[in-house]
Amino acid sequence: MIRNPIIVALDVPEPAQALSLATDLASVVGAVKIGSELFTSGGPDIVRQVRATGASVFLDLKFHDIPNTVAKSVSAAVKLDVQMLTIHTCGGVEMMRAAEESAQKTAAALGRPAPLVLGVTVLTSMDGSDLQEIGLTSEVGCQVERLARLAVQAGLRGLVCSPHEVVMLRKIVPIDFALITPGIRPAGPAGDDQKRTMTPREAMAAGSTWLVIGRPIYAAPVPRTAAASIFQSLA
Ligand code: C5P
Numbered sequence: 609m610i611r612n613p614i615i616v617a618l619d620v621p622e623p624a625q626a627l628s629l630a631t632d633l634a635s636v637v638g639a640v641k642i643g644s645e646l647f648t649s650g651g652p653d654i655v656r657q658v659r660a661t662g663a664s665v666f667l668d669l670k671f672h673d674i675p676n677t678v679a680k681s682v683s684a685a686v687k688l689d690v691q692m693l694t695i696h697t698c699g700g701v702e703m704m705r706a707a708e709e710s711a712q713k714t715a716a717a718l719g720r721p722a723p724l725v726l727g728v729t730v731l732t733s734m735d736g737s738d739l740q741e742i743g744l745t746s747e748v749g750c751q752v753e754r755l756a757r758l759a760v761q762a763g764l765r766g767l768v769c770s771p772h773e774v775v776m777l778r779k780i781v782p783i784d785f786a787l788i789t790p791g792i793r794p795a796g797p798a799g800d801d802q803k804r805t806m807t808p809r810e811a812m813a814a815g816s817t818w819l820v821i822g823r824p825i826y827a828a829p830v831p832r833t834a835a836a837s838i839f840q841s842l843a
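Count the sequence shown with the working numbering and you get residues 609 to 843, in order.
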């Protein structure tokens with residue numbers, strides 16, 4: 609049996625709804641993702657409750673602050689027993705290093721494996737003209753590559769990226785580096801706001817380690833069946 613690489617995004621506003629989805633899906637996905645909307649409404653309690661279903665938790669709060677503050681936020685996330693979390697790579701090498709060290713230290717003190725601290729490079733909602741507007745003159749791809757190299761230098765062990773960036777990134781990251789890709793659509797055009805998508809199978813073939821999938825699972829008529837059939841499509 610292959611490892612289940614599906615991370616279902618619990619992008620629902622109500623903590624009760626998120627918990628019932630997590631309970632339903634825990635045994636058919638590899639992890640569940642809690643983002644800023646759910647965390648802001650449900651707080652640390654929703655993280656503990658989701659974790660109690662047995663699901664691995666990806667806390668996607670994209671920390672971006674001074675190194676000391678990010679280190680302390682990461683430490684608080686490790687105490688919630690999350691298995692993955694995100695930080696912005698544009699916070700710089702010192703900030704990323706502080707985050708990774710904090711994850712390692714806090715986890716060691718608790719006798720747990722350190723969670724994967726994942727770097728976010730350029731948000732996929734931004735294009736070249738958005739970068740120019742904030743004073744960055746590089747092409748999007750060059751900026752992603754630059755930030756990815758800094759993430760490796762800082763000791764991070766993974767990045768969130770577009771499935772279309774995976775092949776390029778695999779050339780510059782260490783062999784066991786995790787690449788987590790959203791923008792996954794099981795088949796055909798989905799007609800929602802994701803523009804540059806890949807199927808789960810294509811994204812895994814390109815070199816993704818984990819697939820973040822939201823609406824194709826949680827908005828399906830039977831989410832558990834949708835998740836199971838996506839997993840089967842990878843066999
Ligand atoms: O519903 P859908 O499959 O599009 O959900 C994708 C999830 O991945 C959402 O939680 C979205 O915020 C997240 N995400 C993304 N693109 C990125 C980073 C995160 O779609 N570049």
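Glycine included, every Cβ here is placed at the ideal spot set by N, Cα and C.
Supposed close pair residue i, residue j - CB separation, criterion 8 Å
i, j, result
"residue 686", "residue 723", "6 Å"
"residue 792", "residue 830", "With 8 Å as the limit, residue 792 and residue 830 do not qualify as a contact, their Cβ atoms being about 19 Å apart."
"residue 804", "residue 770", "6 Å"
"residue 767", "residue 727", "5 Å"
Inter-residue Cα distance where the pair is residue i and residue j
i, j, result
"residue 761", "residue 696", "15 Å"
"residue 660", "residue 717", "21 Å"
"residue 725", "residue 693", "5 Å"
"residue 681", "residue 655", "14 Å"
"residue 683", "residue 730", "24 Å"
"residue 705", "residue 763", "6 Å"
"residue 802", "residue 674", "31 Å"
"residue 648", "residue 619", "12 Å"
"residue 614", "residue 841", "12 Å"
"residue 742", "residue 699", "15 Å"
"residue 708", "residue 751", "22 Å"
"residue 627", "residue 671", "24 Å"
"residue 790", "residue 719", "31 Å"
"residue 808", "residue 611", "14 Å"
"residue 784", "residue 651", "32 Å"
"residue 662", "residue 732", "31 Å"
"residue 712", "residue 690", "13 Å"
"residue 744", "residue 795", "35 Å"
"residue 710", "residue 782", "21 Å"
"residue 843", "residue 765", "26 Å"
Close beta carbons around residue i, own chain, < 6 Å, minus the five adjacent residues each side
i, result
"residue 774", "787, 814, 815 and 816"
"residue 806", "771"
"residue 703", "675 and 678"
"residue 825", "616, 831, 834 and 835"
"residue 818", "613, 615 and 788"
Cβ shell of residue i (< 8 Å), same chain only, five flanking positions each side left out
i, result
"residue 734", "748"
"residue 827", "none"
"residue 746", "739 and 754"
"residue 715", "686, 721, 722 and 723"
"residue 645", "619 and 621"
"residue 653", "623"
"residue 658", "618, 626, 627, 630, 640, 642 and 665"
"residue 851", "Within the shown structure, residues of the chain are numbered from 609 to 843, placing residue 851 beyond reach of any answer."
Beta bridge counterpart(s) of residue i as assigned by DSSP
i, result
"residue 772", "Its beta-bridge partners do not exist; DSSP assigns none."
"residue 692", "666 and 724"
"residue 814", "Per DSSP, none; premise fails for residue 814."
"residue 671", "695"
"residue 789", "819"
"residue 615", "639 and 820"
"residue 767", "727 and 787"
"residue 806", "792"
Residues of its chain near residue i, where Cβ-Cβ distance is below 7 Å and the 5 sequence neighbours each way are ignored
i, result
"residue 636", "832, 835, 836 and 839"
"residue 757", "780"
"residue 701", "758, 761 and 762"
Report yes or no: do three or more beta-carbon pairs, one from the region 831-842 and one from the region 630-647, lie closer than 8 Å?
Touching, yes.
Sufficient close CB pairs (3 or more, under 8 Å) joining the region 665-674 to the region 632-651
The region 632-651 and the region 665-674 touch, with three or more beta-carbon pairs separated by less than 8 Å.
Is there contact here, the region 804-813 with the region 778-786, by at least three beta-carbon pairs under 8 Å?
No, because fewer than three Cβ pairs between the region 804-813 and the region 778-786 fall closer than 8 Å, the two stretches do not touch.
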